[in-house]
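Chains as they are written, first to last, in my numbering: chain A, 23 to 73; chain B, 11 to 223; chain C, 24 to 219; chain D, 286 to 512.
All C-beta atoms in this analysis are idealised placements derived from N, C-alpha and C, irrespective of residue type, glycine included.
Scroll down for the structure; my scribbles are underneath it.
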Amino acid sequence: MSAGEKYVAAAYGVVFLFVLVWVAIIAAKLARLERETGELAELARGRRHDG
Amino acid sequence: MSGYVGDVVALARKDLLLELRARDTLPAMLLFVVSTLVVFHFALPQGAGDDAAYGLLWVALVFTALFGLARAWVPEREHAALDGLVLATGDRSAIWLAKTVAALAFLGAAEVVALPAFAVLFAPLDAAAVLGVVLASVGICVVGTLASAMAAAGRGREVILPLLVLPLSIPLVVGGVGASVSSEPRTYVAFLCLYDAVFAILSWASFEYVVTE
Amino acid sequence: MIRAEEVEKRYGQRRALRPVSFALDRGGFLVVTGANGAGKTTLLRLLAGLAAPTRGALAVDASRDRLGYLGHEALVYGELSAVENLELFGRLYRVPERRERIGMLLERLGLWEARRERVSAYSRGMRQRLALCRVLLHDPELLVLDEPFTALDEEGADRLDEELRRLVGASTVVLATHDQDRVAGLSTGHLALVAS
Amino acid sequence: MPARITLPTLSVISVALMAAAVTMIFFVAPEDADQGISQKIFYFHVPIALTAYVLFGLGAWKALRVLWTRGERYDLESYTAIHQGTIFGALTLITGAIWAKASWGVWWTWSSNQLVLFLVLFLFYCAYFMLRFSVEAGPRRERISAVYALFGVALIPVSFLAIRLASDFIHPTVFTREGPQMTGTMFGAFCVAWAAIVVLALVMYSVELAGKRTDAHLRELREALGR
Chain A
23 MSAGEKYVAA AYGVVFLFVL VWVAIIAAKL ARLERETGEL AELARGRRHD
73 G
Chain B
11 MSGYVGDVVA LARKDLLLEL RARDTLPAML LFVVSTLVVF HFALPQGAGD
61 DAAYGLLWVA LVFTALFGLA RAWVPEREHA ALDGLVLATG DRSAIWLAKT
111 VAALAFLGAA EVVALPAFAV LFAPLDAAAV LGVVLASVGI CVVGTLASAM
161 AAAGRGREVI LPLLVLPLSI PLVVGGVGAS VSSEPRTYVA FLCLYDAVFA
211 ILSWASFEYV VTE
Chain C
24 MIRAEEVEKR YGQRRALRPV SFALDRGGFL VVTGANGAGK TTLLRLLAGL
74 AAPTRGALAV DASRDRLGYL GHEALVYGEL SAVENLELFG RLYRVPERRE
124 RIGMLLERLG LWEARRERVS AYSRGMRQRL ALCRVLLHDP ELLVLDEPFT
174 ALDEEGADRL DEELRRLVGA STVVLATHDQ DRVAGLSTGH LALVAS
Chain D
286 MPARITLPTL SVISVALMAA AVTMIFFVAP EDADQGISQK IFYFHVPIAL
336 TAYVLFGLGA WKALRVLWTR GERYDLESYT AIHQGTIFGA LTLITGAIWA
386 KASWGVWWTW SSNQLVLFLV LFLFYCAYFM LRFSVEAGPR RERISAVYAL
436 FGVALIPVSF LAIRLASDFI HPTVFTREGP QMTGTMFGAF CVAWAAIVVL
486 ALVMYSVELA GKRTDAHLRE LREALGR
């Protein structure tokens with residue numbers, strides 16, 4: 023690869039990396055949301071059995 | 011004198027009276043700007059030239075303004091006087107306008123000392139440079155009082171204010187330095203007028219939202 | 024005068040006031056009670072227009088310049104004297120014959136002697152009395168008073184009592200307190216808030 | 286966001302456009318005669334910058350609606366848009382720095398007005414987050430954030446003008462990046478790339494907004510269920 027090609031690859035790589043990091047953050051958030059909704063569902067289920 | 015203008019005058023006079031009583035802003039600003047100029051003498055390498063000195067003058071002015079603006083809403087914080095003003099004024103923008111006038115008066119007083127001191131210690135200032143200082147001072151007080159009110163609403167107000175004001179003051183520094191060093195200062199003066207007009211209208215219209223819910 | 028339907032206030036996730044409904048006629052005297060944190064202050068700030076409800080409908084039939092609000096703080100300047108504070112607020116409220124009215128109020132609330140002293144030198148009780156002067160200054164038709172008796176000594180409380188009696192019938196009053204006995208003879212309504 | 290186009294559709298469009306953009310940039314558009322291969326950075330750098338403006342503008346528009354309607358949901362939308370805008374702003378700075386290195390051999394140059402403007406905006410919008418996190422959640426925060434976002438859109442043209450003026454006395458322009466001397470296919474690649482980035486930004490905006498809304502709903506549910 024020539025120097026110019028390396029820079030082009032770097033530029034596009036950075037964009038790709040940013041999007042990837044963003045996806046990772048969203049994935050972490052989704053995992054948290056899933057856990058929390060799970061807890062709530064558990065709670066609601068418990069309620070139904072009590073009432 | 012009645013109505014809106016009367017409110018502004020009464021509120022601004024109150025700020026000046028408070029400063030006259032407590033003297034906790036203006037003397038500090040004066041000392042700060044002079045100390046800064048002295049520090050700059052040692053920060054400038056020999057032969058750096060007048061242009062570098064003009065640049066440093068603007069740094070000194072911006073930080074002095076920040077210094078004063080950080081204290082702008084302190085009297086209102088004690089005993090929650092700002093709530094009292096919000097309840098009492100018909101048009102809340104009068105509160106902002108009065109505070110801007112007061113802040114400008116303090117900054118102006120500091121500059122009355124700073125500019126001659128600069129001219130004596132560093133380099134001469136021409137009319138265009140002084141006009142640039144005046145216009146930029148208006149601009150920084152206009153955005154600064156609003157930003158200071160914003161910062162006062164949150165935690166860590168002292169830390170936040172410079173972060174809010176410095177990016178907003180970059181165009182003012184450009185205009186001011188341009189007016190001081192350029193051989194064609196007219197463009198820069200016009201630009202400063204534009205800045206003042208745009209942000210004065212914006213701040214005037216939006217202040218109410220900053221202090222109410 | 025006031026109509027509140029399911030008025031609720033939240034700050035982000037924090038609920039400051041549970042949904043509350045009530046109505047108050049002109050000339051009424053509503054006493055608001057509740058434990059600490061039940062939202063008395065929040066409700067009164069809503070009524071004064073210093074905050075807006077998150078949910079529900081709140082209609083207050085009094086223009087802002089005819090509303091007097093007494094908060095926890097005095098809402099005055101510490102480095103001004105009593106007279107200077109009242110002059111400033113009187114001007115903002117466009118009070119006619121300001122000087123006379125300020126003099127009368129200072130006299131009635133026992134601050135005449137100290138009128139030229141800075142508020143920062145006042146005791147808490149004196150500050151509270153000055154705050155009352157500020158509230159009464161523009162002859163409001165709706166008074167919103169948050170714990171007006173706290174910080175007042177016996178004499179101050181008696182004077183406040185006097186002022187309240189003067190107001191009954193003429194103005195509408197909403198008063199938050201944890202000491203209902205003090206205002207037993209005055210109130211026409213009672214609202215008990217429940218902590219969330 | 287138009288209600289008829291759902292998020293999955295939008296995502297598919299985004300992927301397709303991105304693939305088309307990359308294909309056009311690297312296989313269809315010819316290499317620039319002067320700058321050679323490094324000119325290819327332009328096809329992403331400039332659309333990302335333009336998209337950042339769009340996002341800041343969107344944030345300000347939503348901010349205006351916060352002030353008009355007191356809508357909590359507009360606050361969330363304004364915040365998300367500005368968050369995205371800041372991410373794209375950071376990307377503009379990084380890709381710009383790489384381009385500067387590739388074509389001029391330095392990582393940063395004050396003579397590139399666009400880069401300097403983005404540095405100013407980046408600082409300004411970072412302060413937005415500092416401000417936002419320092420104020421307690423509630424209508425006061427919504428309004429203060431909204432006013433600050435509105436200051437942002439005023440600052441963009443004013444700063445742009447200021448930086449143009451500053452380049453006259455601070456640095457005489459040494460480097461020039463010639464405007465679009467683009468052939469047909471180059472221009473086509475640029476347009477497709479821009480479309481791809483805008484749609485990508487919209488997808489990211491929607492996903493993030495959906496996440497934030499779900500978060501809020503969840504907390505409400507939890508409170509309703511009594512913890």
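- For D/P332, no chain C residue has a Cβ inside 8 angstroms of its Cβ, as the nearest lies near 36 angstroms away.
- Any Cβ of chain C closer than 8 angstroms to the Cβ of D/G511 would place that residue at the interface, and such an atom is absent.
- Here the stretch 322-336 of chain D lies against the stretch 26-42 of chain A, with 3 or more beta-carbon pairs under 8 angstroms apart.
- Think of a sphere of 8 angstroms around the beta carbon of B/G164: no beta carbon from chain C falls inside it, the nearest being about 13 angstroms out.
- Buried is the label assigned to C/F52, since at least 16 other Cβ atoms lie within 10 Å of its Cβ.
- Taking CB atoms only, C/A82 has no neighbour in chain D less than 8 angstroms away.
- Straight across, the Cα-Cα distance linking B/A115 with B/A90 is about 24 angstroms.
- The C-beta of B/F77 comes no closer than 8 angstroms to any C-beta of chain D.
- Taking B/A82 as reference, the option from B/L71, B/V148 and B/A157 with the minimal CA-CA separation is B/A157.
- Under the three-state reduction of DSSP, D/Y490 is assigned to helix.
- Counting only runs of 4 or more residues that sit fully inside the stretch 142-192 of chain C, the alpha helix (DSSP H) segments are 147-159 and 177-190, in chain order.
- Counting only runs that start and end inside the stretch 32-68 of chain B, there is no beta strand (DSSP E) element of at least 3 residues.
- In terms of Cβ geometry, C/L132 and C/L166 do not form a close pair [threshold 8 angstroms].
- Distance check between C/R182 and each of C/R121, C/Q151, C/L69 and C/T64 places C/Q151 closest, using alpha-carbon atoms only.
- In this structure the stretch 44-52 of chain A does not touch the stretch 64-81 of chain B; the number of beta carbon pairs closer than 8 angstroms is below three.
- Taking all protein chains shown into account, D/T291 has fewer than 16 neighbouring C-beta atoms within 10 Å of its C-beta and is therefore exposed.
- For C/I25, the enclosing beta strand (DSSP E) starts and ends at I25 to Y34.
- Contact between B/V183 and B/R102 is ruled out by a C-beta separation of about 30 angstroms, above the 8 angstroms threshold.
- Put simply, the backbone Cα of D/G469 is about 12 angstroms away from that of D/D317.
- C/A137 is not a Cβ neighbour of C/A97, given a cutoff of 8 angstroms.
- Near chain D, meaning a CB-to-CB distance below 8 angstroms, the residues of the stretch 52-68 of chain A are L52, L55, E58, T59, L62, L65 and A66.
- Here B/L125 is not near B/V148, since their CB atoms are 8 angstroms or more apart.
- Put simply, the CB of D/A431 is far from chain C, with every gap to its CB atoms at 8 angstroms or more.
- Close partners of B/G154 in chain D (Cβ separation under 9 angstroms) are lacking, with about 12 angstroms as the shortest Cβ gap.
- With respect to the C-alpha of D/C411, the residue from B/V111, B/V175 and B/L92 having the closest C-alpha is B/V175.
- Around the beta carbon of B/G78, 16 or more other beta carbons lie within 10 angstroms, which makes this residue buried.
- For C/T64, the enclosing alpha helix (DSSP H) stretches over residues K63 to A71.
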